[in-house]
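J.: Chains A, B, C and D, in that order, give the protein sequences. Anchor point for the first sequence: position 60 equals 60 in the numbering used here, and the numbering is continuous, going up by one each time. Anchor point for the second sequence: position 67 equals 1067 in the numbering used here, and the numbering is continuous, going up by one each time. Anchor point for the third sequence: position 148 equals 2148 in the numbering used here, and the numbering is continuous, going up by one each time. Anchor point for the fourth sequence: position 14 equals 3014 in the numbering used here, and the numbering is continuous, going up by one each time. Glycine included, each C-beta is placed from N, C-alpha and C at the ideal position. Mind having a look at this structure? Questions to follow.
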Amino acid sequence: GYIEKLVIEGFKSYGRQRIEIPLGEGFIAVVGPNGAGKSNIGDAISFALGIATSKALRAKNLSYLIFSKDGEKADYAYVEVHFKNFGAFPVPEEDVIVSRKVYRDGRSVFRINGQVVKEKELSDFLSKAGIYENGYNVVLQGDIIRFLKMTPVERRKLIEEVA
Amino acid sequence: GYIEKLVIEGFKSYGRQRIEIPLGEGFIAVVGPNGAGKSNIGDAISFALGIATSKALRAKNLSYLIFSKDGEKADYAYVEVHFKNFGAFPVPEEDVIVSRKVYRDGRSVFRINGQVVKEKELSDFLSKAGIYENGYNVVLQGDIIRFLKMTPVERRKLIEEVA
Amino acid sequence: KLKAFLKAYEQINKSFSKIFARLSPGGKAFMQLEREDEPFEGGINLVVKPRGKEVQYLEAISGGEKTLGALSLIFALQDYKPSIFYYFDEVDAHLDEANARTVGELIKERSQTAQFIVVTLREVLASFADKLIGVSSRGGISKVFPLKNLTHSPY
Amino acid sequence: KLKAFLKAYEQINKSFSKIFARLSPGGKAFMQLEREDEPFEGGINLVVKPRGKEVQYLEAISGGEKTLGALSLIFALQDYKPSIFYYFDEVDAHLDEANARTVGELIKERSQTAQFIVVTLREVLASFADKLIGVSSRGGISKVFPLKNLTHSPY
Ligand SMILES: Nc1ncnc2c1ncn2[C@@H]1O[C@H](COP(=O)(O)OP(=O)(O)OP(=O)(O)O)[C@@H](O)[C@H]1O
Ligand SMILES: Nc1ncnc2c1ncn2[C@@H]1O[C@H](COP(=O)(O)OP(=O)(O)OP(=O)(O)O)[C@@H](O)[C@H]1O
Ligand SMILES: [Mg+2]
Ligand SMILES: [Mg+2]
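As structure tokens, this is what we get:
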């Protein structure tokens, strides 16, 4: 399995107009100047999959993730992560879409293939594809050293979780 | 004033043999591969001037700063910082040498132009040239963001100290 | 439970050492149980020994050496239990050009079995990618567009 | 005491804004007293507004934008109360090539009045230096040697 594309609307520096970011198999490099919005792509993925705290997404709380310009905030931030399945998830569908919408009041709605799910249901579902909160597959900017800075006990717990 | 050169013996990756690192006025770039010993130069300066904790120098305690190879530790780590004065320090000498030696038992000896001084005396002397512990002129690796991560009160205290 | 943990631990340790030796030729790295007799009573230490140097207190190794150690651990975990995608944001920030190149080659190989989305400010890593995504900001709004990777011919 | 603080604060603030505008053209940055009526009852906030964008919660700005903000503050402090030397270790780690170039030019100018010792893994910043010091490690021992800066002619 892999992420085929993202659909983003009103999330951080991605404006109100819906945009698609094609990803796909293999090795994809994301490039561009400082402040362009590259790290915001990783934030969008982590946001939609429910695998990072607001703080890790550089937001005081979820409503800070909503696009804002000239003092005007959009009504919501919305992200879809489109997976190609190929057996990554224990469901028959070839395409699995995980999405999340957060409104200005901070309320969040998670969906799997359009169906609303609770956050706990989503995290159980994603763990079947090896996707976890504080997993080792998402390394945010400045974060790589965390693996070395872990305490020995945290490191053992990481191995236990993987075992 | 400026740092004309460093003399290093047994400090971190700098072996027992005394070496000189010429610096001098203007813009000096320090280059080389990962693990070469570049950051250890900044550590040597901070160590000799008494402006960083062992932790900031990536050492569990001062004796970890002593060069070690094949399980054998040198007897001491020694660093001299040679300043050209030009009125930076309120003393008549044209050359000001600040040095520090740390022995395996962790005992440290500070000197100014060969004369032993207490750590407090050295920090008072250096503050006259605008050199302070936690000053803003030494930015260790990974540390640049600290200026933004400060709390508002810490930032005000930084300005108060400079005023 | 202990049996499952030890099996995972030993396999990941083996991969970790192998990968670090490739990223840092001549260097050695391995994990160590604090309590070999009672693994769950202690944690796991990381021991990293760059080439020509003896084992150092982990904090003392350089920024680039730490990055190589961390990447080796991530790739070792991938060997044992792959994730379907990896997202790396500026992991090459503290790598010299030669190490960035070695990491680029390794990601390229491993991208045959997992998706790697890698944000980078430097050409070295980007030159190994199959696909480049350009991002820019205009009037405070981010735009994304595909780019041609001029450093290779497509296969 | 309040008078000395306010005088320093206003001058540093002015420099800070000016330098940030140079490092990030079109961008604005300034400091703000939390308690304008009672400065010592509160702290100082940093407000950074990159070009085309409105003021953001400081944490939300990008890694490169944060580096430019931090450098602007350091240079503003230098204008008010210079230090005799500056040591910068890999401050260009999160800067794109264009920003690294602007920072290199600025350090070069400021090095007329203070010594700048700058550790870098990238050619951009090193190309502005008056002098290059090479460091390498052999058998676990660091060696230092002078290098010629081939990107400029000496003056
Ligand atoms: N809610 C929001 N509304 C509008 N813009 C936002 C919002 N949150 C963050 N931003 C903007 O997003 C930009 C940061 O984007 P991002 O961190 O993705 O940049 P980047 O491309 O990773 O840059 P760098 O190379 O410096 O790391 C900042 O300029 C910030 O002002
Ligand atoms: N007491 C010591 N004895 C011997 N070697 C030491 C000692 N302390 C640190 N070192 C070695 O110094 C090296 C780190 O040097 P340094 O941090 O200066 O590298 P660097 O050139 O800054 O590299 P990078 O570009 O990766 O930041 C490490 O390999 C470490 O093992
Ligand atoms: Mg970024
Ligand atoms: Mg270093």
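How many Å lie between C/Leu2002 and A/Val30 at the Cα?
T.: Approximately 41 Å between the Cα atoms of the pair.
J.: If you draw a straight line from the alpha carbon of C/Ser2142 to that of C/Ser2136, how long is it in whole angstroms?
T.: Going by the C-alpha atoms only, they are around 6 Å apart.
J.: In whole angstroms, what separates the C-alpha of D/Leu3006 from that of D/Val3048?
T.: Taking the straight line from one Cα to the other gives about 21 Å.
J.: Rounded C-beta distance between A/Ile66 and A/Arg18? I'm assuming under 8 Å.
T.: About 15 Å; that fails the 8 Å criterion.
J.: Does ligand 4 have a heavy atom nearer than 7 Å to the CB of C/Asp2092?
T.: Checking the Cβ of C/Asp2092 against ligand 4 gives no.
J.: Please find out if some non-hydrogen atom of ligand 1 comes closer than 7 Å to the beta-carbon of A/Phe67.
T.: A/Phe67 Cβ: within cutoff of ligand 1.
J.: Excluding the 5 residues flanking D/Phe3016 on each side, which residues of the same chain have their C-beta closer than 7 Å to its C-beta?
T.: Around D/Phe3016: Ala3029, Phe3030, Met3031, Ser3072, Leu3073, Ala3076.
J.: For C/His2094, tell me which candidate among B/Ile1045, B/Leu1140, B/Phe1047 has the shortest Cα-Cα distance.
T.: Out of B/Ile1045, B/Leu1140, B/Phe1047, B/Leu1140 has the C-alpha closest to the C-alpha of C/His2094.
J.: Relative to the alpha-carbon of D/Asp3078, which residue among B/Gly1026, B/Asn1113, B/Ile1003, B/Tyr1136 has its alpha-carbon at the smallest distance?
T.: First, the residue type needs correcting, since residue 3078 of chain D is Gln and not Asp in the sequence shown. Of the listed residues, the one whose Cα sits closest to D/Gln3078 is B/Tyr1136.
J.: Going by DSSP in three states, D/Asp3089 sits in which element: helix, strand or coil?
T.: Correct three-state label for D/Asp3089: strand.
J.: For B/Ile1051, which residues from the same chain have a beta carbon less than 6 Å from its beta carbon, with the 5 sequence-adjacent residues on both sides left out?
T.: Correct list, in chain order: Glu1133.
J.: Can you check whether the C-beta of D/Gly3139 is within less than 8 Å of a C-beta belonging to chain C?
T.: Yes, its Cβ sits closer than 8 Å to a Cβ of chain C.
J.: Could you tell me whether any Cβ in chain C is nearer than 8 Å to the Cβ of D/Ala3093?
T.: For D/Ala3093, the answer is yes, since a Cβ of chain C falls inside 8 Å of its Cβ.
J.: Which residues mark the beginning and the end of the alpha helix (DSSP H) in which C/Arg2101 is found?
T.: Note, C/Arg2101: alpha helix (DSSP H), 2097-2110.
J.: Just to confirm, does D/Val3135 get its C-beta within under 7 Å of one of the non-hydrogen atoms of ligand 2?
T.: Yes - ligand 2 has a heavy atom lying nearer than 7 Å to the Cβ of D/Val3135.
J.: Thinking C/Glu2054 and B/Gly1071 are a contact (beta carbons under 8 Å), I'd like their distance in whole angstroms, please.
T.: 6 Å between Cβ atoms; contact.
J.: Go through its chain and collect everything with a Cβ distance to B/Val1096's Cβ below 6 Å, but skip five positions before and after it.
T.: So the qualifying residues of the chain are Phe1083, Asn1085, Phe1089.
J.: Is it buried or exposed, B/Val1109, if we count other Cβ atoms within 10 angstroms and call 16 or more buried?
T.: Under this definition B/Val1109 is an exposed residue.
J.: Mark A/Ser127 as exposed unless 16 or more other C-beta atoms lie within 10 angstroms of its C-beta, in which case mark it buried.
T.: By the neighbour-count rule (16 or more Cβ atoms within 10 Å), A/Ser127 is not buried but exposed.
J.: Return no unless some Cβ of chain A is closer than 8 Å to the Cβ of C/Val2118.
T.: True, the Cβ-Cβ gap to chain A drops below 8 Å.
J.: Assuming B/Tyr1002 contacts D/Gln3115 (C-beta within less than 8 Å), just tell me the rounded distance between them.
T.: 4 Å between Cβ atoms; contact.
J.: Can you find a heavy atom of ligand 1 that lies under 7 Å from the Cβ of A/Lys12?
T.: Correct: A/Lys12 has its Cβ closer than 7 Å to ligand 1.
J.: Should A/Arg111 and A/Val102 be called a contact, given that it needs their Cβ atoms to be closer than 8 Å?
T.: Cβ distance not < 8 Å, so A/Arg111 and A/Val102 don't count as in contact.
J.: State yes or no: is the beta carbon of A/Tyr14 nearer than 8 Å to at least one beta carbon in chain C?
T.: Output row for A/Tyr14: interface = yes.
J.: Which residues in chain D sit within 8 Å of A/Tyr2, going by Cβ to Cβ distance?
T.: Result: empty, since nearest Cβ-Cβ is about 26 Å, beyond 8 Å.
J.: I'd like the list of long-range same chain contacts for D/Pro3154, defined as Cβ closer than 6 Å, with 5 residues on each side in sequence excluded.
T.: Its pLDDT being 49, under 50, D/Pro3154 is placed unreliably in this model, and the value from its coordinates should be taken loosely. Closer than 6 Å at Cβ, skipping near neighbours: no residue.
J.: A/Tyr78 CB to nearest chain D CB: under 8 Å?
T.: Taking Cβ atoms only, chain D never reaches closer than 8 Å to A/Tyr78, which makes this a no.
J.: Compute the distance between the beta-carbons of A/Asn113 and A/Glu93, then report whether it is under 8 Å.
T.: Against a cut-off of 8 Å, the Cβ pair of A/Glu93 and A/Asn113 comes out as a contact.
J.: So the alpha helix (DSSP H) C/Ile2074 belongs to, where does it begin and stop?
T.: Start and end: 2063-2080.
J.: How is the alpha helix (DSSP H) around C/Arg2058 delimited, first residue to last?
T.: Contrary to the premise, residue 2058 of chain C reads as Leu rather than Arg in this sequence. Run containing C/Leu2058: none; DSSP gives neither H nor E here.
J.: Quick one: what does DSSP say D/Arg3122 is sitting in, helix, strand or coil?
T.: Three-state result, D/Arg3122: coil.
J.: Evaluate A/Asp124 with the Cβ neighbour count: other Cβ atoms within 10 Å of its Cβ, from every protein chain shown; 16 or more gives buried, anything less gives exposed.
T.: By the 10 Å Cβ count, A/Asp124 comes out exposed.
J.: I want to verify the contact list: residues of chain E whose CB lies under 7 Å from the CB of D/Tyr3080, in sequence order.
T.: Absent from the structure: chain E. Protein chains present are A, B, C and D.
J.: Between the beta-carbon of C/Ile2117 and the beta-carbon of A/Ala129, is there less than 8 Å?
T.: Contact: no.
J.: Does any C-beta atom of chain C lie closer than 8 Å to the C-beta of D/Ser3153?
T.: Model confidence at D/Ser3153 stands at a pLDDT of 48, short of 50, so the residue's coordinates are unreliable; what they give is reported in the following sentence. Answer no: the Cβ-Cβ gap between D/Ser3153 and chain C never drops below 8 Å.
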